[in-house]
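Engineer: Can you read through this structure? Questions will come right after.
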Amino acid sequence: MKDSENLIDSNDFNIRYTTQSDEPYLKKWLEDPEVAKGFSFALEEERDEFLKIWMGYVRFKCSLTATYKEVPCGIATLFLMPYVKLIHQSMGYLVVDSLFRRKRVGTSLVRNLDHLAKNYFKLERLHFELFGETPLEPLLEKLNYKKLFTQQKYVKEGSSYLPRIVLEKVFKDGQ
Amino acid sequence: MVNKEINIRVSREEDANYLFSWLNDPEVLPWFPLDNVREIEDAIRIWLSYREIGAAFTICLNDIPVGMAVIYLHRYKKLRHQSLFAIILDKNFRSQGLGSKLMHHVIEAAKKNFGLEILHLEVYEGNPAKSLYQRLGFKEYGRQDCFLKEKNGIYRNKINMELEL
Chain A
92 MKDSENLIDS NDFNIRYTTQ SDEPYLKKWL EDPEVAKGFS FALEEERDEF
142 LKIWMGYVRF KCSLTATYKE VPCGIATLFL MPYVKLIHQS MGYLVVDSLF
192 RRKRVGTSLV RNLDHLAKNY FKLERLHFEL FGETPLEPLL EKLNYKKLFT
242 QQKYVKEGSS YLPRIVLEKV FKDGQ
Chain B
97 MVNKEINIRV SREEDANYLF SWLNDPEVLP WFPLDNVREI EDAIRIWLSY
147 REIGAAFTIC LNDIPVGMAV IYLHRYKKLR HQSLFAIILD KNFRSQGLGS
197 KLMHHVIEAA KKNFGLEILH LEVYEGNPAK SLYQRLGFKE YGRQDCFLKE
247 KNGIYRNKIN MELEL
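Respectively, the protein sequence lines represent chains A and B.
Sequential numbering of the first sequence, starting at 92, is according to the numbering used here.
Sequential numbering of the second sequence, starting at 97, is according to the numbering used here.
Okay, structure coming up:
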């Protein structure tokens, strides 16, 4: 694979529902320190707990896995809200294998997640939260996500802080 | 307020009944992201779990609970310096300075007991409690339109506020 290759036009690329058998891949990606910077966990036990929560959504068919030659290369999931008044909106989470970045895998996953959110779960709004500067922000903006707000000093690592940036896409405006 | 003794203590299991009656009030429930008894009970279970680490508080008037607050301390290391909190007051005891007293207690506990640097809260647009938060120095940093949707189709915007301690 070449860098910047457009992988998603390949016949070997596919998007399918996530299955429990994808867990080892997600675990491996979350173990990458660079990936971990984009999430709220820091310690191993926190990461394992987060992984368990993430995989817990799989049974609701609200999680998609990108595969290349049938091997998972990224996962995007709707963290569906458990309360009646909040079920019209959700938070999305995305991770892409570092070997498959800049190949439009993330773009394809978010597009498909949008479709799933809007058409299957009838969501009206979808959010992503980012910690500090990340390549996911321009990707989401290209897909018409708008920055909602920035919560300064949300994450603290040592003596330095990172903001939490929340982006939103509106599928149906209630106002 | 004459001859009435006010005290604030860590919440107890038996305070759950008071919390349930306050949350399950049709005038109050619209200001919370809860819809039914099962959700209220679930929220109370989570709320009161924080009493075990001294982060849930009850304000009493002559030993009768009239309000409660909770600091939802983060368990994750990177987030432990900041926290979300929630507060509720018996509607019959509003505008008597009790909410303000409880809030001051929460802010002090956040700083001294838990070493927090930032407290933040979520309030729905139109909730009169917002003015109390503003008086205490909380600043709005963002809002989310249509965050909450009632069964009758009414939406409520969420306002996010924070206070650097």
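Just so you know, even glycine gets a beta-carbon here, dropped at the ideal spot from N, CA and C.
With a Cβ-Cβ cutoff of 7 Å, do residue 149 of chain A and residue 198 of chain A count as a contact?
Structural biologist: no
Engineer: Measure from the C-beta of residue 240 of chain A to each C-beta in chain B and report whether the shortest distance is under 7 Å.
Structural biologist: yes
Engineer: Is the separation between the beta-carbon of residue 155 of chain B and that of residue 198 of chain B shorter than 7 Å?
Structural biologist: Cβ distance < 7 Å, so residue 155 of chain B and residue 198 of chain B count as in contact.
Engineer: For residue 126 of chain A, does the three-state DSSP call read helix, strand or coil?
Structural biologist: The answer is helix: DSSP assigns residue 126 of chain A an H, G or I state.
Engineer: Mind pulling the chain B residues with CB within less than 8 Å of residue 246 of chain A?
Structural biologist: 174 and 175
Engineer: Would residue 147 of chain B and residue 107 of chain B be called neighbours here (beta carbons separated by less than 7 Å)?
Structural biologist: yes
Engineer: Between the region 168-199 of chain A and chain B, which residues of the former have a C-beta closer than 9 Å to a C-beta of the latter?
Structural biologist: 172, 173, 174, 175, 176, 177, 178, 179 and 180
Engineer: Could you compute how far the alpha carbon of residue 254 of chain B sits from the alpha carbon of residue 264 of chain A?
Structural biologist: 15 Å
Engineer: Give the DSSP bridge partners of residue 242 of chain A, in chain order.
Structural biologist: DSSP, once it has assigned bridges, lists A:255 as partnering residue 242 of chain A.
Engineer: Looking at the structure shown, is residue 97 of chain B part of a helix, part of a strand, or coil, going by DSSP?
Structural biologist: Interpretation of residue 97 of chain B is limited by its pLDDT of 49, a score under 50 that renders its predicted location unreliable; the figure taken from the coordinates is listed afterwards. The answer is coil: DSSP assigns residue 97 of chain B none of H, G, I, E or B.
Engineer: Under the three-state reduction of DSSP, which class applies to residue 210 of chain A: helix, strand or coil?
Structural biologist: Here residue 210 of chain A carries a helix assignment [DSSP, helix/strand/coil].
Engineer: Quick check: residue 89 of chain B and residue 180 of chain B, are their CB atoms within less than 7 Å of each other?
Structural biologist: Not covered by the structure: residue 89 of chain B. The range shown for chain B is 97 to 261.
Engineer: Can you tell me the Cα-Cα spacing of residue 139 of chain A and residue 176 of chain B, whole angstroms?
Structural biologist: 18 Å
Engineer: Spatial neighbours of residue 232 of chain B within its chain, please: C-beta separation below 8 Å, excluding the five flanking residues on both sides.
Structural biologist: The answer, listed in chain order, is 196, 199, 200, 203 and 259.
Engineer: Round the Cβ separation of residue 207 of chain B and residue 261 of chain B to the nearest angstrom and send it over; I've been treating them as touching at under 8 Å.
Structural biologist: 5 Å
Engineer: How many Å lie between residue 97 of chain B and residue 241 of chain B at the Cα?
Structural biologist: With a pLDDT of 49 at residue 97 of chain B, under the threshold of 50, the modelled position of that residue is not reliable, and the figure given next carries that caveat. Cα to Cα, residue 97 of chain B sits roughly 39 Å from residue 241 of chain B.
Engineer: Identify whether residue 226 of chain A lies in helix, strand or coil by the three-state DSSP scheme.
Structural biologist: coil
Engineer: Taking residue 192 of chain B as part of the alpha helix (DSSP H), name the residues at either end of that continuous run.
Structural biologist: Per DSSP, residue 192 of chain B belongs to no alpha helix (DSSP H) and is neither H nor E.
Engineer: Give me the Cβ distance between residue 172 of chain A and residue 218 of chain A, rounded to the nearest whole Å; I'm assuming they're in contact under 8 Å.
Structural biologist: A Cβ-Cβ distance of about 11 Å is found for the pair residue 172 of chain A and residue 218 of chain A, leaving them out of contact under the 8 Å criterion.
Engineer: Which stretch, first to last residue, makes up the beta strand (DSSP E) that contains residue 163 of chain B?
Structural biologist: 160-169
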